[in-house]
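As structure tokens, the structure follows; a few thoughts come after it.
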Amino acid sequence: MVGDSLNKTGANLLIKALQENNINRMYGIVGIPVTDLARLAELRGMKYYGFRREDSAVNAAAATGYLTQKPGVALTVSAPGFLNGLTALAQATKNCFPLIMISGSSERHIIDLSQGDYEGLDQYNAAKPFCKKAYRVDRAEDMGLAVARAIRTAVSGRPGGVYLDIPADTIVQEDDADQSSLGVYKLVDPAPKQVPNDEAISRAVDLIKNAKKPLIILGKGAAYDRTEKQVQQLVAETNIPFLPMSMAKGLIPDDSPHSAAAARSLSLRNADVVIVIGARLNWMLSYGDAPQFNPHAKFVQLDIDATQFDSSQPISAPLQGDLKSILDKLVPALLATGYQAPEEWLEQIAQDTEKNDKKFAQRIANGKVAQNFGYYGAIAPIAEYFQQHPDTYLVSEGANTLDIGRDMIGMQLPRHRLDTGTWGVMGVGLGYAIAAAVETGKHVVALDGDSAFGFDGMEIETICRYKLPITVVIINNGGIYNGIGQVVPNQLGPTTLDPTARYDLMAKAFGGDNYFVSDYDEMKNVFARAVDSGRPNIINVQIAPSMGKESGHIGNLNPKLNLQPL
Ligand code: ADP
Ligand code: MG
Numbered sequence: 004m005v006g007d008s009l010n011k012t013g014a015n016l017l018i019k020a021l022q023e024n025n026i027n028r029m030y031g032i033v034g035i036p037v038t039d040l041a042r043l044a045e046l047r048g049m050k051y052y053g054f055r056r057e058d059s060a061v062n063a064a065a066a067t068g069y070l071t072q073k074p075g076v077a078l079t080v081s082a083p084g085f086l087n088g089l090t091a092l093a094q095a096t097k098n099c100f101p102l103i104m105i106s107g108s109s110e111r112h113i114i115d116l117s118q119g120d121y122e123g124l125d126q127y128n129a130a131k132p133f134c135k136k137a138y139r140v141d142r143a144e145d146m147g148l149a150v151a152r153a154i155r156t157a158v159s160g161r162p163g164g165v166y167l168d169i170p171a172d173t174i175v176q177e178d179d180a181d182q183s184s185l186g187v188y189k190l191v192d193p194a195p196k197q198v199p200n201d202e203a204i205s206r207a208v209d210l211i212k213n214a215k216k217p218l219i220i221l222g223k224g225a226a227y228d229r230t231e232k233q234v235q236q237l238v239a240e241t242n243i244p245f246l247p248m249s250m251a252k253g254l255i256p257d258d259s260p261h262s263a264a265a266a267r268s269l270s271l272r273n274a275d276v277v278i279v280i281g282a283r284l285n286w287m288l289s290y291g292d293a294p295q296f297n298p299h300a301k302f303v304q305l306d307i308d309a310t311q312f313d314s315s316q317p318i319s320a321p322l323q324g325d326l327k328s329i330l331d332k333l334v335p336a337l338l339a340t341g342y343q344a345p346e347e348w349l350e351q352i353a354q355d356t357e358k359n360d361k362k363f364a365q366r367i368a369n370g371k372v373a374q375n376f377g378y379y380g381a382i383a384p385i386a387e388y389f390q391q392h393p394d395t396y397l398v399s400e401g402a403n404t405l406d407i408g409r410d411m412i413g414m415q416l417p418r419h420r421l422d423t424g425t426w427g428v429m430g431v432g433l434g435y436a437i438a439a440a441v442e443t444g445k446h447v448v449a450l451d452g453d454s455a456f457g458f459d460g461m462e463i464e465t466i467c468r469y470k471l472p473i474t475v476v477i478i479n480n481g482g483i484y485n486g487i488g489q490v491v492p493n494q495l496g497p498t499t500l501d502p503t504a505r506y507d508l509m510a511k512a513f514g515g516d517n518y519f520v521s522d523y524d525e526m527k528n529v530f531a532r533a534v535d536s537g538r539p540n541i542i543n544v545q546i547a548p549s550m551g552k553e554s555g556h557i558g559n560l561n562p563k564l565n566l567q568p569l
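Just so we're aligned, residue 4 is where the sequence shown starts under the numbering used here, counting upward by one.
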């Protein structure tokens, strides 16, 4: 019987093993040798989403991992498909997002003798430096174990990307071992809890309870681990102010009186005890260095990965474990001391906040009526919408679009914002947006700069094909950073794109809706309608090409040359 022989193929075991572990979706692009594998996945009840570029499919799997704490799964063909996916696998690993990238490949003997296979590449070894771990399955009978290992590796400890190499031969090979369960099983406790010891907790409490100017920094690790309850309690009962990293926005609502976001510089510069929860003291936090940080600051750091401690600052109180377990011990221990953040410090932050909020509100008010339509006017309707509809997902990328949008759009719910992440990379937007729509069933806004959109714009076809409730907003200033980058008269300039491009028409081409706006009123009028429609659509927001600062808020990282003609 056909059904019977299918039952023991590597492909069938792979699908069974994923399903056994409640993984029921796959993002990918098919071709030799994985086409029938994807067909079989559909036949066995998995949902398969076909993309246009492999990196977008892998990005979707990564976002799935972040949003669900279960590894997302992406499928690619061999060599070029694999390599296209590899960038996203590396990004996900940097971001600590769990995912499994599965690629079809050539048989070992052909690769090892360099016989020159169709799309032949030693993918297994090529993947290793770019993921947490790579596995290769040469025998169908090992499939159940391989999938279990891949899942455990992706989600346990510091989460990350796993590469699973499946040779064409294994896909069709039949398991000839006599295993009643076919070697497929459900993992027991895939991400075991890791609880810090009491001594580490008291060390941290001793440090915090003497702090004059304490500050909490929340990172996307805290969002991933769903710590909202604990951090909200911690902040509410101790009054310690907090700063959310961009993807931790909403873990505690942005409009919380304890947010120090509007006094970011002042609070970092002055804090004497900094409690870092699921964030890294990397480039995004100036490595914890002065002058951005108080040179005498002491650090408490909570992280699953002990090698993260002392990466750029001495950590006075390292707390290793999963964040929930750490907070379950730390919060009650700290509350038992009756510690309260000193009034004076809160007053200092409150004053700075009030001053900055006023300036910011003025900038937005001006932006709404400015002659030259720019970022503030364009993004204001989005910020207003999110205030009223907090259960909408936001994905954002671009330079100025990302930076200004991050400051303007308040988040009220955890894990509702995905962005360029640890590498600050462009081209993640539509893959993330697709996963957010598929995994949550909610409406999604992908807020992109015109340049960022170019990296994965073809996925608008994917969005339309699956009729996903995604509104892609493209803030079009005709360039990377801006559209006025001409260097010499006879060339366009390396940062120049087409400021008159009608990106919105791409949605129309694939059956979605398209909108074009060029002032605040039009955007205000269109935005809510576009999102509420629940249909795929693009809003092309035409702003002036002169809008936009080079490198947005990270101009300090941009090496500048003295550009004079000879
Ligand atoms: P951000 O970019 O928001 O500052 P990072 O990605 O730099 O955040 O840091 C996230 C940190 O959270 C990483 O060091 C990672 O090891 C840690 N982390 C991720 N998941 C967990 C978890 N479940 N428990 C504890 N720490 C975690
Ligand atoms: Mg631009």
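No residue lacks a Cβ here, since even glycine has one placed at the ideal position from N, Cα and C.
Could you name each continuous alpha helix (DSSP H) segment of 4 residues or more that falls completely within the region 310-381, going from the start of the chain to the end?
326-338 and 346-372
Would you identify the three-state DSSP class for L489, choosing helix, strand or coil?
Looking up residue 489 in the sequence shown gives position 486. Note on identity: in this sequence residue 489 is Gln, with Leu being the wrong assignment. Here Q489 sits in coil by DSSP.
Would the beta-carbon of R161 be found less than 7 Å away from any heavy atom of ligand 1?
Translated into the one-based positions of the sequence shown, residue 161 becomes position 158. Yes, ligand 1 has a heavy atom inside 7 Å of this Cβ.
Can you tell me which of the three DSSP states T498 falls into?
Here residue 498 refers to the residue found at position 495 of the sequence shown. Coil at T498, not helix or strand.
Helix, strand or coil at E462 according to DSSP, with G and I counted as helix
In the sequence shown, residue 462 corresponds to position 459, counting from 1. Three-state DSSP puts E462 in a helix.
Is it the case that the CB of G452 approaches a heavy atom of ligand 2 more closely than 7 Å?
To locate residue 452, count along the sequence shown from 1; it is residue 449. Within the cutoff, so yes.
Threshold first: 3 residues or longer. Then list the beta strand (DSSP E) segments lying entirely within the region 136-203, N to C.
136-139 and 164-170
Is it buried or exposed, K19, if we count other Cβ atoms within 10 angstroms and call 16 or more buried?
Position 16 of the sequence shown, counting from 1, holds the residue named residue 19. Looking at its Cβ environment, which holds 16 or more other Cβ atoms inside 10 Å, K19 is buried.
Could you check whether the Cβ of N561 sits closer than 7 Å to any heavy atom belonging to ligand 2?
As a position in the sequence shown, residue 561 is number 558, starting the count at 1. Answer for N561: no, Cβ out of range of ligand 2.
Spatial neighbours of T395 in its chain, beta-carbon cut-off 8 Å, leaving aside the 5 residues before and after
Counted from its first residue, the sequence shown places residue 395 at position 392. Contacts found: Y388, F389, H419, K445, H446, V447, V448 and V534.
Check for me: the alpha helix (DSSP H) holding N591 runs from which residue to which?
The shown model of the chain, from 4 to 569, leaves out residue 591, and the question about it has no answer.
Alpha carbon of N281 to alpha carbon of G408, nearest angstrom
Counted from its first residue, the sequence shown places residue 281 at position 278. Counted from its first residue, the sequence shown places residue 408 at position 405. Checking the sequence, you will find Gly at residue 281 rather than Asn. So the two alpha carbons sit approximately 23 Å from each other.
Could you tell me if the beta carbon of N480 falls within a distance shorter than 7 Å of some heavy atom in ligand 2?
Counted from its first residue, the sequence shown places residue 480 at position 477. Flag set: Cβ of N480 near ligand 2.
Cβ neighbours of E240 in the same chain (closer than 6 Å, five flanking residues each side left out)
The residue you call residue 240 lines up with position 237 of the sequence shown. Excluding sequence neighbours, E240 sits near L338.
For D410, verify whether its CB is less than 7 Å away from any heavy atom of ligand 1.
Here residue 410 corresponds to residue number 407 of the sequence shown, with the count starting at 1. No, the Cβ of D410 stays beyond 7 Å of every heavy atom of ligand 1.
In three-state terms, what does DSSP make of S262?
By 1-based counting over the sequence shown, the position of residue 262 is 259. Strand.
Rounded to whole angstroms, how far is the Cβ of R152 from the Cβ of C99, which I believe are closer than 8 Å?
Translated into positions along the sequence shown, residue 152 becomes position 149. Translated into positions along the sequence shown, residue 99 becomes position 96. Their Cβ separation, rounded to whole angstroms, is 19 Å, which puts R152 and C99 out of contact at 8 Å.
Shorter than 7 Å, the distance from the beta carbon of G551 to the closest heavy atom of ligand 2, or not?
Along the sequence shown, read from residue 1 onward, the residue named residue 551 stands at position 548. Yes, the beta carbon of G551 sits closer than 7 Å to at least one heavy atom of ligand 2.
Status (buried if at least 16 other CB within 10 Å, exposed otherwise) for W426:
Position 423 of the sequence shown, counting from 1, holds the residue named residue 426. Exposed.
If you draw a straight line from the alpha carbon of T474 to that of D178, how long is it in whole angstroms?
Working through the sequence shown from its first residue, we reach residue 474 at position 471. Working through the sequence shown from its first residue, we reach residue 178 at position 175. Cα to Cα, T474 sits roughly 46 Å from D178.
Once the 5 residues before and after G424 are set aside, which same chain residues still bring their CB inside 6 Å of it?
As a position in the sequence shown, residue 424 is number 421, starting the count at 1. These residues qualify, in order along the chain: N98.
Using a Cβ distance threshold of 8 Å, determine whether the region 246-256 contacts the region 218-232, with at least three qualifying pairs required.
yes
Pairs of beta-carbons, one from the region 101-113 and one from the region 165-176, closer than 8 Å: are there three or more?
yes
For G488 and A91, what's the separation of their Cα atoms in angstroms?
Within the sequence shown, numbered from 1, the residue matching residue 488 stands at position 485. Within the sequence shown, numbered from 1, the residue matching residue 91 stands at position 88. Between G488 and A91, the C-alpha separation is close to 29 Å.
According to DSSP, which residues form a beta bridge with D453?
Here residue 453 corresponds to residue number 450 of the sequence shown, with the count starting at 1. DSSP, once it has assigned bridges, lists no residue as partnering D453.
Below 8 Å between beta carbons: does that hold for D459 and R56?
Residue mapping note: residue 459 aligns to position 456 of the sequence shown, counting from 1. Residue mapping note: residue 56 aligns to position 53 of the sequence shown, counting from 1. Yes, Cβ-Cβ distance for D459 and R56 is below 8 Å.
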